[in-house]
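Following: one structure in structure tokens, then a few remarks.
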Amino acid sequence: MTKSPRWRSVLAPAVMAAALGAAALSSAGTAYAQDLTTPNPPSPAPPAHPEHPGKPGYPAQPGKPAYPEKPGHPAQPVKPAYPAQPVKPGHPAQPVKPAYPAQPVKPGYPAQPVKPGYPAQPVKPGYPAHPVKPGYPAQPVKPGYPAQPVKPAYPAQPAKPAYPQQPVKPAYPAQPVKPAYPAQPVKPAYPAQPVKPAYPAQPVKPASPEKPAYPAQPVKPASPEKPAYPAQPVKPAYPEQPVKPASPEKPAYPEHPTKPASPEQPVKPAYPEHPTKPAAEYGRLAPLANTCENDEEWLIPGGAAVRRGVGAARSPA
Numbered sequence: 072m073t074k075s076p077r078w079r080s081v082l083a084p085a086v087m088a089a090a091l092g093a094a095a096l097s098s099a100g101t102a103y104a105q106d107l108t109t110p111n112p113p114s115p116a117p118p119a120h121p122e123h124p125g126k127p128g129y130p131a132q133p134g135k136p137a138y139p140e141k142p143g144h145p146a147q148p149v150k151p152a153y154p155a156q157p158v159k160p161g162h163p164a165q166p167v168k169p170a171y172p173a174q175p176v177k178p179g180y181p182a183q184p185v186k187p188g189y190p191a192q193p194v195k196p197g198y199p200a201h202p203v204k205p206g207y208p209a210q211p212v213k214p215g216y217p218a219q220p221v222k223p224a225y226p227a228q229p230a231k232p233a234y235p236q237q238p239v240k241p242a243y244p245a246q247p248v249k250p251a252y253p254a255q256p257v258k259p260a261y262p263a264q265p266v267k268p269a270y271p272a273q274p275v276k277p278a279s280p281e282k283p284a285y286p287a288q289p290v291k292p293a294s295p296e297k298p299a300y301p302a303q304p305v306k307p308a309y310p311e312q313p314v315k316p317a318s319p320e321k322p323a324y325p326e327h328p329t330k331p332a333s334p335e336q337p338v339k340p341a342y343p344e345h346p347t348k349p350a351a352e353y354g355r356l357a358p359l360a361n362t363c364e365n366d367e368e369w370l371i372p373g374g375a376a377v378r379r380g381v382g383a384a385r386s387p388a
């Protein structure tokens, strides 16, 4: 379908337009890249701000008119008193309640029969005597440890050479003095505000009329006395319990045989004395010049000095 003469006539102008557009973009990019090599001219300094003129004052505010006085409230009419309440009649007297009849007396419990005593327990025979345990044989004496050989002393350490003196670091040049800032213009003061007029006095509110008192309530009549309850009958006492017979005495246990004493243990020999270790002299020296603040110098046995820290591996300048 794309090989027909009509399609070839349509595709040829489209391909030509795309090629021309790509060439124009490439030429524009090259020209823009060449323009980037030219430096931009310096920007001009902004002009100095002129001094601000003084702000004009506000005009005086006109006076506010006074409010007219408000008329007072009219007097309230007097409220009529409440009529007297009618007296409530008293309650009628209650009839007297009759007394309860006497309760019949409960008969006592019959006597319990006496329980027979327990028979005597037979006497338990004593335990036979234990045979005497033979004593332990004597422990053999442990031989003493052989004497340890004397350890030779450590050889003297060679003296370490001292480090060369570090050069003195030159001082930094003095910094230039910073110029002072120019004085700022004085800001004008704001004009005074007009005084606000005072509010008129409020009228006094009239007092309310007095409220009438309530009439007294009638007194409630007293209730009649309640009759007392009759006395309760006495409960009969329980019969005495029979006495329990005493138990027979328990025979005493036979004495246990005495355990023989343990034989004395042999005395452990004392350890030989260890050789004395030679004392080492350690101390901290003053920090050297041209070193880090974390560097330290220590003195080891033999009089040599050792540097330890961040700048210990730094070569002398």
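Numbering-wise (my numbering), the sequence shown opens with residue 72 and increments by one.
We put the beta carbon where it would ideally sit given N, CA and C, even for glycine.
Problem - Alpha-carbon spacing of Y189 relative to P322, whole angstroms - result: Within the sequence shown, residue 189 is the residue found at index 118, counting from 1. Within the sequence shown, residue 322 is the residue found at index 251, counting from 1. Per the coordinates, the alpha-carbon of Y189 lies some 19 Å from the alpha-carbon of P322.
Exercise for the section: Verify the contact flag: K141, CB atom, against every heavy atom of the ligand ATP, threshold strictly below 8 Å. Expected result: You won't find the ligand ATP in this model; it holds no ligand whatsoever.
Exercise for the section: Give the secondary structure of G92 by DSSP, where H, G and I count as helix, E and B as strand, and everything else as coil. Expected result: Numbered from 1 along the sequence shown, position 21 holds the residue referred to as residue 92. Helix, per DSSP.
Exercise for the section: In angstroms with no decimal places, state the Cα-to-Cα distance between N361 and P235. Expected result: Position 290 of the sequence shown, counted from the start, is the residue given in the question as residue 361. Position 164 of the sequence shown, counted from the start, is the residue given in the question as residue 235. In this prediction, N361 scores a pLDDT of 48, lower than 50, which makes its location untrustworthy; no coordinate-derived value is stated.
Problem - Same chain, Cβ closer than 8 Å to P346, neighbours up to 5 away in sequence not counted - result: The count along the sequence shown starts at 1 and reaches residue 346 at position 275. Closer than 8 Å at Cβ, skipping near neighbours: V221 and K222.
Problem - H162 versus P301 - alpha carbon distance - result: For this step, residue 162 is matched to residue 91 along the sequence shown. For this step, residue 301 is matched to residue 230 along the sequence shown. Answer to the nearest angstrom: the Cα atoms are 28 Å apart.
Handout entry: Distance between beta carbons of P343 and A224, contact taken as under 8 Å
Key = Position 153 of the sequence shown, counted from the first residue, corresponds to residue 224. Position 272 of the sequence shown, counted from the first residue, corresponds to residue 343. Not quite, the Cβ-Cβ distance comes to about 18 Å (not below 8 Å), so this is no contact.
Problem - Candidates K297, P307 and Y324, of which the one nearest K177 by Cα - result: For this step, residue 177 is matched to residue 106 along the sequence shown. Out of K297, P307 and Y324, P307 has the C-alpha closest to the C-alpha of K177.
Practice task
Would you check if the segment 282 to 293 and the segment 156 to 171 touch, i.e. whether three or more CB-CB distances between them fall below 8 Å?
Solution key: Between the segment 156 to 171 and the segment 282 to 293, the count of Cβ pairs shorter than 8 Å is three or higher; the stretches touch.
Practice task
Rank V314, V149, G92 and E281 by C-alpha distance to the C-alpha of Q183 and give the top, closest one.
Solution key: By one-based count along the sequence shown, residue 183 stands at place 112. When only C-alpha atoms are compared, the closest one is V314.
Handout entry: For A85, the three-state DSSP class (helix, strand or coil)
Key = To locate residue 85, count along the sequence shown from 1; it is residue 14. Judged by DSSP in its simplified three-state form, A85 adopts helix.
Handout entry: Span separating the alpha-carbon of V194 from that of V203
Key = Position 123 of the sequence shown, counted from the first residue, corresponds to residue 194. Position 132 of the sequence shown, counted from the first residue, corresponds to residue 203. In a straight line, the C-alpha of V194 is about 28 Å away from that of V203.
Exercise for the section: Kindly indicate which three-state DSSP category A357 falls into: helix, strand or coil? Expected result: Position 286 of the sequence shown, counted from the first residue, corresponds to residue 357. For A357, the predicted structure reports a pLDDT of 46, less than 50, and the residue's modelled location is therefore unreliable. A value from the coordinates is still provided. Reduced to three states, the DSSP call for A357 is coil.
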